[in-house]
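Numbered according to my numbering, the sequence shown spans residues 11 to 599.
Ideal Cβ placement from N, Cα and C applies to all residues, glycine included.
Bear in mind the structure is a predicted one, so any value in this text is a computation, not a measurement.
One structure is given here, and the rest of the page talks about it.
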Amino acid sequence: EMINPGVSEDQLVLLNGVSGAFRPGVLTALMGVSGAGKTTLLDVLAGRKTSGYITGNIAISGYPKKQETFTCISGYCEQNDIHSPNVTVYESLLYSAWLRLPPEVDSQTRKMFIEEVMELVELNTLRKALVGLPGLNGLSTEKRKRLTIAVELVANPSIIFMDEPTSGLDARAAAIFMRTVRNTVDTGRTVLFLLKRGGQEIYVGPLGEHSSHLIKYFEGIPGVSTIKDGYNPATWMLEITTPSQETSLGIDFAGIYKSSELYRRNKELIKDLSKPAHGSKDLHFATQYAQSFFTQCMVCLWKQHWSYWRNPSYNAVRFLFTTVIALAFGTMFWDIGTKITKKQDLFNAMGSMYVAVLFLGVKNASSVQPVVSVERTVFYRERAAGLYSAFPYAFAQVLIEIPYIFVQAVTYGVLVYAMIGFEWTATKFFWYLFFVFFTLLYFTFYGMMAVAMTPNYHISAIIVSSFNGLWNVFSGYIIPKTRIPIWWRWYYWACPISWTLYGLVASQFGDKQDRLESGETVEQFLSSYFGFRHDFLGVVAAVVGALPVLFALIFAVGIKAKLLIGILGNHPSVALLHIKVPKKMQIKY
Numbered sequence: 011e012m013i014n015p016g017v018s019e020d021q022l023v024l025l026n027g028v029s030g031a032f033r034p035g036v037l038t039a040l041m042g043v044s045g046a047g048k049t050t051l052l053d054v055l056a057g058r059k060t061s062g063y064i065t066g067n068i069a070i071s072g073y074p075k076k077q078e079t080f081t082c083i084s085g086y087c088e089q090n091d092i093h094s095p096n097v098t099v100y101e102s103l104l105y106s107a108w109l110r111l112p113p114e115v116d117s118q119t120r121k122m123f124i125e126e127v128m129e130l131v132e133l134n135t136l137r138k139a140l141v142g143l144p145g146l147n148g149l150s151t152e153k154r155k156r157l158t159i160a161v162e163l164v165a166n167p168s169i170i171f172m173d174e175p176t177s178g179l180d181a182r183a184a185a186i187f188m189r190t191v192r193n194t195v196d197t198g199r200t201v202l203f204l205l206k207r208g209g210q211e212i213y214v215g216p217l218g219e220h221s222s223h224l225i226k227y228f229e230g231i232p233g234v235s236t237i238k239d240g241y242n243p244a245t246w247m248l249e250i251t252t253p254s255q256e257t258s259l260g261i262d263f264a265g266i267y268k269s270s271e272l273y274r275r276n277k278e279l280i281k282d283l284s285k286p287a288h289g290s291k292d293l294h295f296a297t298q299y300a301q302s303f304f305t306q307c308m309v310c311l312w313k314q315h316w317s318y319w320r321n322p323s324y325n326a327v328r329f330l331f332t333t334v335i336a337l338a339f340g341t342m343f344w345d346i347g348t349k350i351t352k353k354q355d356l357f358n359a360m361g362s363m364y365v366a367v368l369f370l371g372v373k374n375a376s377s378v379q380p381v382v383s384v385e386r387t388v389f390y391r392e393r394a395a396g397l398y399s400a401f402p403y404a405f406a407q408v409l410i411e412i413p414y415i416f417v418q419a420v421t422y423g424v425l426v427y428a429m430i431g432f433e434w435t436a437t438k439f440f441w442y443l444f445f446v447f448f449t450l451l452y453f454t455f456y457g458m459m460a461v462a463m464t465p466n467y468h469i470s471a472i473i474v475s476s477f478n479g480l481w482n483v484f485s486g487y488i489i490p491k492t493r494i495p496i497w498w499r500w501y502y503w504a505c506p507i508s509w510t511l512y513g514l515v516a517s518q519f520g521d522k523q524d525r526l527e528s529g530e531t532v533e534q535f536l537s538s539y540f541g542f543r544h545d546f547l548g549v550v551a552a553v554v555g556a557l558p559v560l561f562a563l564i565f566a567v568g569i570k571a572k573l574l575i576g577i578l579g580n581h582p583s584v585a586l587l588h589i590k591v592p593k594k595m596q597i598k599y
């Protein structure tokens, strides 16, 4: 849209006067050339269009569509087949059913229903197979598409939308997939695929055996060439209805359809279905989500547990990297913390703390980003499907990192503390582990936060690396706090690494009374040169402990905010559409 001074308002119409009815047990296909508006219509019907102007109305069994209710009775199979890569096929289905079936469906019944769905879409032999990433590992394209259908079917929907489900499949794979779709339709559900062109209807009606009705309709239009023997009717229809064909023949397919008897019959059908059946009631659900907030959190955490446990390229590698770094820095700074008699000894000890923790922290912040980026893409699909709200996902993504980072911190802390030779007292060792753990934690959450607030992890990686350099300068090690110009000192207190360095140094050396070559005690030198005081350790610990919480909250808010932007940009309703909803498929006990 263009709205500028001196420029009249202009809108590009994608869908124009589209109307239709979809009934249970009937497979409806939307066909058209690229750019015809098929996906746009599908997104609008499903309530997933988040931009543009949408007018008209949609009725469900004669009642106005409510998106919150509609999400509970519908499923949407996206073209990209987005799933968490490190869970099995069965776990993917269990996860979807757990969050989308009502609480009164017990665990045993839920699992029985999943088995029925797996048999329906022919996934029994793949129950223990990892989903994997498209084009890299795991399931093939055709198997992923069947999984996509199954993930929606276990929610027991009445209506299923499929966006170009056979895209990228060869003839054999497409035949297998369409057999699955046919099985789905036979259960009494309304299934809508992606006959329209240029946003206008040119034919809405049954295909007939071997597409006989479709062929008879278009061959009855003067000037249209007849179909060749053995030619694909869908391809023929798309070829004869192109804009160039319309121009050369001097006809308007949309106008011909709207003046046909078929169009009048369809309008009568829509009119009848627009009225609620006698004695029927509008659909209503007590809550927006099938499960409680607590259950959403626990189920999301369950899935993240398996996702992380089966991700050695992330977790095993970071543990190996941590061990190697600990041994490298431990041997490099061997026993330098045993005796501090010179200022240079103190600088060396501080450097051993600063460099190693900073190195691991930066590594954590960068390595977590691609993991969170993949899961965020899955989150947007699951959130749109009504599995959970934003915060349970954020809760699980944050909480699952804690035990792994704790093991990482203990591994690094024990090795380095012993090899460098810091003072072996319970208090000092606790403080060392405390600051290492929370530093690794806030660096990890900082990387997650950057992903949540940017379009993709490539941009977030640039942002994280930029701030890492800035934090390095203002950490208080390269330039001590007392030497930083007064107009920049505020950023020293805003720099997370400065608090880590303060805590590590003050906890290990802030109370030492050993004298240096200058005559000052270690405690006095740290106070005068760096501004580090041992009695300020409690405040430092509180700040370092609060930083992971702050970054985790911003991560959650960032995820939520991006959803709100999409929701606020959405407009209810679309061109006149009426959908008849069948009774829910009964779950066998």
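Could you spell out where the beta strand (DSSP E) holding C87 opens and where it closes? Start and end: 84 to 87.
N-terminal and C-terminal residue of the alpha helix (DSSP H) that I231 is part of: Per DSSP, I231 belongs to no alpha helix (DSSP H) and is neither H nor E.
Which of the three DSSP states, helix, strand or coil, is assigned to R525? If DSSP states are grouped into helix, strand and coil, R525 belongs with the strands.
Can you say whether I597 is buried or exposed, counting buried as having 16 or more other CB atoms within 10 angstroms of its CB? At I597, the pLDDT of 32 sits below 50, so the modelled position is not reliable and the matter cannot be decided from this model.
Quick check on T50: does DSSP put it in helix, strand or coil? Of the three classes helix, strand and coil, the one that applies to T50 here is helix, per DSSP.
For C310 and A406, believed in contact at Cβ under 8 Å, the rounded distance: Contact between A406 and C310 holds: CB atoms are separated by about 4 Å, below the 8 Å threshold.
Checking 9 Å against the spacing of the C-beta atoms, do A551 and F453 come in under that value? In this structure, F453 does not lie closer than 9 Å to A551 by Cβ.
Going by DSSP, name the residue or residues bridged to T531. R525, per the DSSP bridge assignment.
Got a sec, what are the start and stop residues for the alpha helix (DSSP H) G479 sits in? G479: member of the alpha helix (DSSP H) spanning 467 to 483, first to last residue.
Could you pull the start and end residues of the alpha helix (DSSP H) that Y299 belongs to? Per DSSP, Y299 belongs to no alpha helix (DSSP H) and is neither H nor E.
Buried or exposed for E78, please, with buried defined as at least 16 other CB atoms from any protein chain shown within 10 angstroms of its CB. E78 counts as exposed, since fewer than 16 other C-beta atoms from the protein chains shown sit within 10 angstroms of its C-beta.
Provide the residue(s) that pair with L140 in DSSP beta bridges, ordered along the chain. DSSP lists T98 as partners of L140.
Run of the alpha helix (DSSP H) containing G423, from where it starts to where it stops: Residues 411 to 430.
According to DSSP, simplified to helix, strand and coil, what is L179? Coil at L179, not helix or strand.
DSSP three-state call for L25: helix, strand or coil? Coil.
Leaving out the 5 sequence neighbours to the left and right, which residues in its chain are closer than 6 Å to N242 when beta-carbon positions are compared? Apart from sequence neighbours up to five positions away, no residue of its chain approaches N242 with a beta-carbon distance below 6 Å.
First and last residue of the uninterrupted alpha helix (DSSP H) at D282: DSSP places D282 in the uninterrupted alpha helix (DSSP H) bounded by 271 to 283.
Could you give the distance in angstroms between the alpha-carbon of Q418 and the alpha-carbon of W316? Roughly 19 Å separates the two Cα atoms.
By Cβ distance, which residues of its chain are closer than 6 Å to L451, with the 5 residues on each side in sequence left out? The answer, listed in chain order, is I415, P558.
DSSP three-state call for L37: helix, strand or coil? The answer is strand: DSSP assigns L37 an E or B state.
Which residue's Cα is closest to the Cα of T333: P144, F445, A366? Among P144, F445, A366, the Cα nearest to that of T333 belongs to A366.
Please state if the CB of L136 and the CB of L146 are separated by a distance shorter than 9 Å. Result no, Cβ atoms of L146 and L136 do not sit closer than 9 Å.
Are the Cβ atoms of A556 and V408 separated by less than 9 Å? Taking a C-beta distance under 9 Å as the contact criterion, A556 and V408 do not qualify as a contact pair.
With DSSP run on the structure shown, which of helix, strand or coil describes D355? Collapsing the DSSP output to three states places D355 in a helix.
Under the three-state reduction of DSSP, which class applies to G265: helix, strand or coil? DSSP places G265 in the helix class (H, G or I) of the three-state scheme.
What residue from S269, M360, L283, I410 has the CA that sits closest to F455's CA? It is I410 whose Cα lies nearest to the Cα of F455.
First and last residue of the alpha helix (DSSP H) that includes W441? Unbroken alpha helix (DSSP H) run through W441: 436 to 462.
Take the Cβ of D173 as the centre, count every other Cβ of all protein chains shown within 10 Å, and call the residue buried at 16 or more, exposed below. Around the CB of D173, 16 or more other CB atoms lie within 10 Å, so the residue is classed as buried.
Please report the straight-line C-alpha distance between W312 and V36, rounded to a whole angstrom. Cα to Cα, W312 sits roughly 37 Å from V36.
Alpha carbon to alpha carbon, how far is T81 from Y299? One alpha carbon belongs to T81, the other to Y299, and they sit about 9 Å apart.
When DSSP labels each residue in this structure, what does W344 get in the three-state scheme? W344 falls in the coil class under three-state DSSP.
Would you say S284 and G72 are within 9 Å of each other, going by their C-beta atoms? It is a contact, given that the beta carbons lie within the stated cut-off.
Which of the three DSSP states is assigned to N90 in this structure? Three-state result, N90: coil.
Where G486 and K352 are concerned, what is the direct C-alpha to C-alpha distance, given to the nearest angstrom? The alpha-carbon atoms of G486 and K352 are separated by roughly 20 Å.
Sub-9 Å separation of I430 and G513 beta-carbons: Between I430 and G513, the CB-CB gap reaches or exceeds 9 Å.
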